[in-house]
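Student:
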Amino acid sequence: MAYKGGIPHQRSQGAGEVPRQFRVVADPEATEGTGVPAANFVRCFAKWRDEALVKPVFVTNHGRITHALVGINQFMGLSEQADTAGAGADPFELAEWIDEAVIICDDDLGVVSMNRMAAATCGISASQCVGRKLYDCLPQLQGTLYEVNMMRTVQANEPTSADIPSPLRKDGWMRLQTFPLHGRNVLMFRDITEEVEHHRLADVKTAIIEAMAVHNAIGYVRVGVSGLIDRVDEPFCDLLGVPEERLRGARLVDLVSREKRVAFKSELEEAMAGNGARRVIAEFISNRGKTETLVAAIVQLKGAYGAEGAVVLLTSVDPGRGLDDTGWR
0 MAYKGGIPHQ RSQGAGEVPR QFRVVADPEA TEGTGVPAAN FVRCFAKWRD
50 EALVKPVFVT NHGRITHALV GINQFMGLSE QADTAGAGAD PFELAEWIDE
100 AVIICDDDLG VVSMNRMAAA TCGISASQCV GRKLYDCLPQ LQGTLYEVNM
150 MRTVQANEPT SADIPSPLRK DGWMRLQTFP LHGRNVLMFR DITEEVEHHR
200 LADVKTAIIE AMAVHNAIGY VRVGVSGLID RVDEPFCDLL GVPEERLRGA
250 RLVDLVSREK RVAFKSELEE AMAGNGARRV IAEFISNRGK TETLVAAIVQ
300 LKGAYGAEGA VVLLTSVDPG RGLDDTGWR
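Have a look at this one:
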């Protein structure tokens, strides 16, 4: 309460102030809600303890409510309400917010839940699956490694993980996980076809580089965007008579003869800029004091985040010229 001009009026409620339905009193009668100063609460604790059995007693400090005293029955009621609210929460709601397909089944493989990613991957809505048997709504999973892994989880309560051919996409691959959770069986998967293709291409590239090394007449050089050598193969090292550790980190154009250096640098930069592959006749200076005339094929090297440099393949201009067991001839 505040006074202005001798007439009391109700002050507007501010943050932290006693709510309007409570009034602070030193020794109040039974009221709907009572705010008790901390000092008075301590002195008359027995009184307020008895009153708290009927209704809450709010303890204040400088007019601000800081604590509440309630009877044990009311407190237990509040605890039960909190427990009920927690029990009503769905532990599988998180599945809607992840980028993996998730299907949740009971022990009889009845679909309990399906997230939006699973619906999109399987080409069926969740409402068409929930409440039905898994293989009734998704018969394409039956008889596949999906079924094998799922049954291991259902029967042995065992989590599984595997990369398997996808029954949902021709020539596709899936990363599958099954595991028990809260008395349910979770089937989680995602399409990894693109990852498998990248690994396959990487394996092919590695095999090609090894084949070129065995061929012994094809030089391989990889340069970064700055034109420095990242990797070379043994034939190119033999050609120049320089060990690999000395070539790594060197500037490729510095290995070209002065007469051809400007032209070679221009073609290398054009290729790395993405203006198409280049075929150049260049003379490279060997450690034996002479030049070797080679055909250089230059192609831009693309990475996940853009251009990463170039790959250069080098062969002799003379079709009959190559490498024997002792080096270039």
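For the sequence shown, numbering that gives the first Met the number 0 gives the first residue as 0, with consecutive numbering after it.
By construction, the Cβ of each residue, glycine as well, lies at the ideal position given by its N, Cα and C atoms.
All figures in this text were calculated on a predicted structure; none of them were measured in a lab.
Could you check the C-alpha separation between H181 and H198 for me, to the nearest Å?
Tutor: Here residue 181 refers to the residue found at position 182 when the sequence shown is read from its first residue. Here residue 198 refers to the residue found at position 199 when the sequence shown is read from its first residue. Their backbone Cα atoms lie some 36 Å apart in a straight line.
Student: Verify the CB distance criterion: does L52 have a CB-CB separation below 8 Å to chain B?
Tutor: The structure shown contains no chain B, having only a single protein chain.
Student: Any idea if V279 is buried or exposed, counting beta-carbon neighbours within 10 angstroms, 16 or more meaning buried?
Tutor: Looking up residue 279 in the sequence shown gives position 280. Classification of V279: buried, given that the 10 Å Cβ count is 16 or more.
Student: Name the two residues that bound the continuous beta strand (DSSP E) containing T143.
Tutor: Working through the sequence shown from its first residue, we reach residue 143 at position 144. No beta strand (DSSP E) contains T143, which DSSP labels as neither H nor E.
Student: Closer than 8 Å is the cut-off here; do at least three beta carbon pairs connect the stretch 183-191 with the stretch 207-216?
Tutor: no
Student: Can you grab the Cα-Cα spacing for the pair R230 / L300, in whole Å?
Tutor: Mapped onto the sequence shown, residue 230 falls at position 231. Mapped onto the sequence shown, residue 300 falls at position 301. Going from the Cα of R230 to the Cα of L300 covers about 13 Å.
Student: Report the three-state DSSP secondary structure of G109 (helix, strand or coil).
Tutor: Taking the first residue of the sequence shown as position 1, residue 109 is located at position 110. Three-state DSSP puts G109 in a strand.
Student: If we call anything under 8 Å between Cβ atoms a contact, is V203 one with L313?
Tutor: Your numbering for residue 203 matches position 204 in the sequence shown. Your numbering for residue 313 matches position 314 in the sequence shown. Not a contact, by the Cβ cut-off of 8 Å.
Student: For V310, does the three-state DSSP call read helix, strand or coil?
Tutor: Here residue 310 is taken as the residue at index 311 of the sequence shown, counted from 1. Strand.
Student: Rounded to the nearest angstrom, what separates R245 and V195 at their Cα positions?
Tutor: What you label residue 245 is simply residue 246 of the sequence shown in a count that begins at 1. What you label residue 195 is simply residue 196 of the sequence shown in a count that begins at 1. Rounded to whole angstroms, the separation of the alpha carbons of V195 and R245 is 35 Å.
Student: How should G130 be labelled, buried or exposed, when 16 other C-beta atoms within 10 angstroms of its C-beta is the threshold for buried?
Tutor: Residue numbering aside, residue 130 sits at position 131 when the sequence shown is read from its first letter. Exposed is the call here.
Student: Report, in whole angstroms, the separation of the C-beta atoms of P166 and Q139, which I expect to be a contact under 8 Å.
Tutor: In the sequence shown, the residue the question calls residue 166 occupies position 167. In the sequence shown, the residue the question calls residue 139 occupies position 140. Contact between P166 and Q139 is confirmed by a C-beta separation of about 5 Å, below the 8 Å threshold.
Student: In its own chain, which residues sit with a C-beta less than 7 Å from the C-beta of A270, not counting the 5 before and 5 after it?
Tutor: One-based indexing of the sequence shown puts residue 270 at position 271. Correct list, in chain order: A276, R277, I297, V298, Q299 and A309.
Student: Compute the beta-carbon to beta-carbon distance between L227 and A249, rounded to the nearest angstrom, for a pair I have assumed lies under 8 Å.
Tutor: Here the question's residue 227 lines up with position 228 in the sequence shown. Here the question's residue 249 lines up with position 250 in the sequence shown. A Cβ-Cβ distance of about 7 Å is found for the pair L227 and A249, placing them in contact under the 8 Å criterion.
Student: Are the CB atoms of P55 and A37 within a distance shorter than 8 Å?
Tutor: Locating residue 37 in the sequence shown gives position 38, where the first residue counts as 1. Locating residue 55 in the sequence shown gives position 56, where the first residue counts as 1. No, they are not a contact pair.
Student: I need the boundaries of the alpha helix (DSSP H) containing N39, first residue and last residue.
Tutor: In the sequence shown, the residue the question calls residue 39 occupies position 40. Unbroken alpha helix (DSSP H) run through N39: A37 to R42.
Student: Comparing alpha-carbon positions, which option in D106, N72 and Y304 lies nearest T152?
Tutor: By 1-based counting over the sequence shown, the position of residue 152 is 153. Distance check between T152 and each of D106, N72 and Y304 places D106 closest, using alpha-carbon atoms only.
Student: On the DSSP letters alone, give me the boundaries of the beta strand (DSSP E) that F178 sits inside.
Tutor: Translated into the one-based positions of the sequence shown, residue 178 becomes position 179. Run containing F178: W172 to L180, per the beta strand (DSSP E) assignment.
Student: Using C-beta distances below 8 Å, list every residue in its chain close to C136, excluding the 5 sequence neighbours before and after it, in chain order.
Tutor: If you number the sequence shown from 1, residue 136 lands on position 137. Here the set comprises V110, I123, Q127 and C128.
Student: Enumerate in chain order the residues of its own chain whose CB-to-CB distance from E157 is below 7 Å, with the five nearest sequence positions on each side excluded.
Tutor: Reading the sequence shown from its first residue, position 158 is the one you call residue 157. Cβ within range, chain order: R151.
Student: Can the beta-carbon of L133 be found closer than 8 Å to that of L108?
Tutor: In the sequence shown, residue 133 corresponds to position 134, counting from 1. In the sequence shown, residue 108 corresponds to position 109, counting from 1. Yes, they are a contact pair.
Student: For V101, which three-state DSSP category applies?
Tutor: As a position in the sequence shown, residue 101 is number 102, starting the count at 1. Three-state result, V101: strand.
Student: Work out the CA separation of G76 and K46 for me, nearest whole Å.
Tutor: Against the sequence shown, residue 46 aligns to sequence position 47. Against the sequence shown, residue 76 aligns to sequence position 77. Spanning the two alpha carbons is a distance of roughly 23 Å.
Student: Take I284 and list the residues in its own chain whose beta-carbon comes closer than 7 Å to its own, dropping the five residues that flank it on each side.
Tutor: In the sequence shown, residue 284 corresponds to position 285, counting from 1. L254, S256 and T290, listed in sequence order.
Student: Between I103 and V185, is the Cβ-Cβ spacing less than 8 Å?
Tutor: Numbered from 1 along the sequence shown, position 104 holds the residue referred to as residue 103. Numbered from 1 along the sequence shown, position 186 holds the residue referred to as residue 185. In contact: I103 and V185 (Cβ atoms closer than 8 Å).
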